[in-house]
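The structure appears right after this line, and notes come after that.
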Amino acid sequence: MQAEQFLNRYLLRPLPATTPQPLVAELRRSAVLVPLLHYADELHLLLTRRALTLAHHPGQISFPGGMLETGETAIQAACREAEEEIGLPATTIRVLGELQPLQTLTGFHISPVVALVTPGQAYRLNKQEVSEIFEVPLSFFLNPASQQGWPVWWRGKQQHLTVIPYQDKLIWGATAGIIQQLLTQIR
């Protein structure tokens, strides 16, 4: 999918109607940047693998992001965290908007911030937070065969878990949920 087609679909369609989830006071507010790299022929999503030494979700595939600081908006936090984690300068980020916030089973309230990012950046990984950075063509995710549903049990209840295998990586959890929400927005 090319950038112009993506922008037309993303910007001209209202977000799908959802049932708002009440914000639980103990949820930790965070934001992630959903960076789309704009190449001449196609858009790519930029993803990271979290460092194995992290307390939360070590080794998992994620978008750059983290906790909101006092007085900070989701957009500010997502851009700040992207710079801290992978060295992505704010001047290379064109924020398009936000997707619906996600509440995770592990206690996070995540605000996904969608942005176009200038490709070809010299990334500087913060090895304490990120062990790897990689790109996936958006067209890969647009193929319904790329996604699988796995039943899992969490705290005595069966849940549906979306899993997206890509090369030697497994994208799941909140990251897969955010990707699904983005795809719903542009389909």
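Here the sequence shown is numbered in full-length UniProt numbering, starting from 1 and rising by one per residue. Glycine residues also receive a C-beta, built at the ideal position from the N, C-alpha and C atoms.
Drop a sphere of 10 angstroms on the beta-carbon of residue i, count the other beta-carbons inside from all chains shown, and report buried for 16 or more, exposed for fewer.
i      : result
Thr73  : exposed
Glu4   : exposed
Val152 : exposed
Arg155 : exposed
His56  : exposed
Ala78  : buried
Pro144 : exposed
Ser139 : exposed
Leu52  : exposed
Can you tell me whether DSSP reads residue i as helix, strand or coil?
i           : result
Thr70       : coil
Arg49       : strand
Pro58       : coil
Leu183      : helix
Tyr10       : helix
Pro35       : strand
residue 188 : Outside the shown range of the chain, which is 1 to 187, sits residue 188, and nothing can be said about it.
Gln148      : strand
DSSP beta-bridge partners for residue i?
i      : result
Phe134 : Leu47
Glu98  : Val113
Gln103 : His109
Ser139 : Answer is none; Ser139 lacks a bridge partner.
Would you mind reading off the limits of the beta strand (DSSP E) that contains residue i?
i      : result
Ala122 : Neither: Ala122 is in no beta strand (DSSP E) and is coded neither H nor E.
Thr162 : 157-166
Leu170 : 169-172
Query raised in the report: Does the segment 36-44 touch the segment 134-151, meaning 3 or more C-beta pairs lie closer than 8 Å?
Result: Yes: the two stretches touch, three or more of their Cβ pairs being nearer than 8 Å.
Report task. Specify whether the segment 99-107 and the segment 175-186 touch according to this definition: at least 3 beta carbon pairs, one from each stretch, less than 8 Å apart. Result -> Here the segment 99-107 makes contact with the segment 175-186; the two share three or more CB pairs at distances below 8 Å.
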